[in-house]
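Student: Residue numbering for the sequence shown follows our numbering, beginning at 185 and increasing consecutively.
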Amino acid sequence: MGNKATQPLNLISIPSILFGSSLKPTSLELNFYISGTLIGTLKDERGNGEMVQTAPEGSTGSGSVAGVALYDEGFVVLTGSWGLEDGIARNYLNDITNLATSSCLYFGVGANDGSPSGIIPSSSYSMEMKGVNKIPTLTMFAHADKGEMNHSNNPTYIDFGQSTSPATGSRVYSQPTNLKIKNIVSSSYADPPAQFEKTTYISKIGIYDDDKNLIGIATMATPIKKTQNRDLTFKLKLDI
185 MGNKATQPLN
195 LISIPSILFG
205 SSLKPTSLEL
215 NFYISGTLIG
225 TLKDERGNGE
235 MVQTAPEGST
245 GSGSVAGVAL
255 YDEGFVVLTG
265 SWGLEDGIAR
275 NYLNDITNLA
285 TSSCLYFGVG
295 ANDGSPSGII
305 PSSSYSMEMK
315 GVNKIPTLTM
325 FAHADKGEMN
335 HSNNPTYIDF
345 GQSTSPATGS
355 RVYSQPTNLK
365 IKNIVSSSYA
375 DPPAQFEKTT
385 YISKIGIYDD
395 DKNLIGIATM
405 ATPIKKTQNR
415 DLTFKLKLDI
């Protein structure tokens with residue numbers, strides 16, 4: 185790859201806002217066009233950062249390493265100096281006395297690099313890539329053990345038609361204590377009904393901080409049946 189202290193090279197900087205945490209290996213592709221005709225394609229095919237010329241097939245430099253991609257930093261360093269066109273020199277350096285043949289060293293000339301607008305009107309470039317965006321995730325487990333989470337304050341938990349009004353007076357306030365719980369155990373017959381078993385359906389899970397303050401609620405897509413003899417563990421994941 186040559187001595188980078190003295191070797192001519194082309195440094196392309198990709199803003200991190202475009203790719204996140206890092207560039208995804210094997211996703212980077214650079215295309216160089218002249219008057220709409222593809223004269224060179226570089227791809228990170230091996231996933232090791234080497235930018236290999238893959239097109240046009242059979243052209244000068246095809247199969248050669250023309251640079252490297254630095255995934256985490258978002259840089260592409262191009263060193264391929266072989267000509268991508270035969271016998272044509274262009275004003276890439278903004279110096280009519282110093283024309284140069286199209287090569288990877290001039291990929292991106294005129295694209296926000298300080299060069300005067302339109303010095304290479306026939307050149308165009310494209311860059312394709314994918315990014316990796318690492319999102320911290322908090323994983324929590326909520327347990328509903330056997331014999332627990334088997335009562336509900338939902339009004340539908342008791343049989344319909346019962347009075348739920350408290351008894352009140354000048355010196356008394358008493359809530360009813362003999363309300364009948366609705367039997368929702370499925371039976372194959374209408375009569376006799378199935379043997380009663382306390383059954384609930386868990387539809388929401390509260391998330392609390394160390395001071396018992398409710399800080400979040402996880403809602404089930406479908407309520408989960410909880411019986412006396414059933415153990416349940418819910419896995420909650422929160423992106424932070």
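Virtual Cβ for every residue (Gly too), placed ideally from N, Cα, C.
Measuring CA to CA, which of N367, K410, K388 and I386 is closest to Q379?
Tutor: For the purposes of this step, residue 379 is identified with residue 195 of the sequence shown, where counting begins at 1. Of the candidates N367, K410, K388 and I386, the one whose C-alpha sits nearest the C-alpha of Q379 is N367.
Student: Checking contacts by CB at 8 Å: is S287 closer than that to chain B?
Tutor: Note that chain B does not occur in the displayed structure, where there is just one protein chain.
Student: Of all the options V356, F325 and S301, which has the alpha carbon lying nearest to the alpha carbon of I391?
Tutor: In the sequence shown, residue 391 corresponds to position 207, counting from 1. Of the candidates V356, F325 and S301, the one whose C-alpha sits nearest the C-alpha of I391 is F325.
Student: Indicate the three-state DSSP secondary structure (helix, strand or coil) for T244 in the structure shown.
Tutor: Counting from 1 along the sequence shown, the entry for residue 244 is found at position 60. T244 falls in the coil class under three-state DSSP.
Student: Exposed or buried, Q191, counting other C-beta atoms within 10 Å across all chains shown (16 or more means buried)?
Tutor: What you label residue 191 is simply residue 7 of the sequence shown in a count that begins at 1. It counts as exposed.
Student: Do three or more CB pairs link the stretch 309-323 to the stretch 190-209 at distances below 8 Å?
Tutor: yes
Student: From K410 to N334, what does the alpha carbon distance come to, in whole angstroms?
Tutor: Counting from 1 along the sequence shown, the entry for residue 410 is found at position 226. Counting from 1 along the sequence shown, the entry for residue 334 is found at position 150. K410 and N334: Cα-Cα distance of roughly 7 Å.
Student: Could you pull out every residue in the same chain whose Cβ sits closer than 7 Å to the Cβ of A253, ignoring the five residues on either side in sequence?
Tutor: What you label residue 253 is simply residue 69 of the sequence shown in a count that begins at 1. Closer than 7 Å at the Cβ level, and outside the excluded window around A253, lie L207, L212, D228, G233, M235 and V260.
Student: Specify the secondary structure class of N201 as computed by DSSP and reduced to three states.
Tutor: Looking up residue 201 in the sequence shown gives position 17. In the sequence as displayed, the identity of residue 201 is Ile instead of Asn. Residue state, collapsed to three classes: helix.
Student: Threshold first: 3 residues or longer. Then list the beta strand (DSSP E) segments lying entirely within the stretch 286-325, N to C.
Tutor: 307-312
Student: Among the residues of its own chain, which have a CB less than 8 Å from the CB of V293, if the five just before and after it don't count?
Tutor: Indexing the sequence shown from 1 puts residue 293 at position 109. Once the five neighbours on either side are set aside, the close Cβ partners of V293 are Y276, S299, I303, I304 and S307.
Student: Count the other CB atoms within 10 Å of the CB of F291; is the residue buried (16 or more) or exposed (fewer)?
Tutor: Indexing the sequence shown from 1 puts residue 291 at position 107. The residue in question, F291, is buried, as its Cβ has 16 or more Cβ neighbours within 10 Å.
Student: For the stretch 218-264, list the beta strand (DSSP E) runs that are entirely contained and at least 3 residues long, ordered along the chain.
Tutor: Within the stretch 218-264, the complete beta strand (DSSP E) runs of at least 3 residues are 221-227, 234-239, 249-254 and 259-262.
Student: So, are the CB atoms of T225 and T238 less than 8 Å apart?
Tutor: Counting from 1 along the sequence shown, the entry for residue 225 is found at position 41. Counting from 1 along the sequence shown, the entry for residue 238 is found at position 54. It is a contact, given that the beta carbons lie within the stated cut-off.
Student: Please name the residue in P377, G353 and F344 whose C-alpha comes closest to that of K364.
Tutor: As a working note, residue 364 is residue 180 in the sequence shown. Taking only the C-alpha atoms, the option nearest K364 is F344.
Student: Mind reading off the beta-carbon distance from G258 to S310? Whole number of angstroms is fine, and I expect it under 8 Å.
Tutor: Reading the sequence shown from its first residue, position 74 is the one you call residue 258. Reading the sequence shown from its first residue, position 126 is the one you call residue 310. Not quite, the Cβ-Cβ distance comes to about 17 Å (not below 8 Å), so this is no contact.
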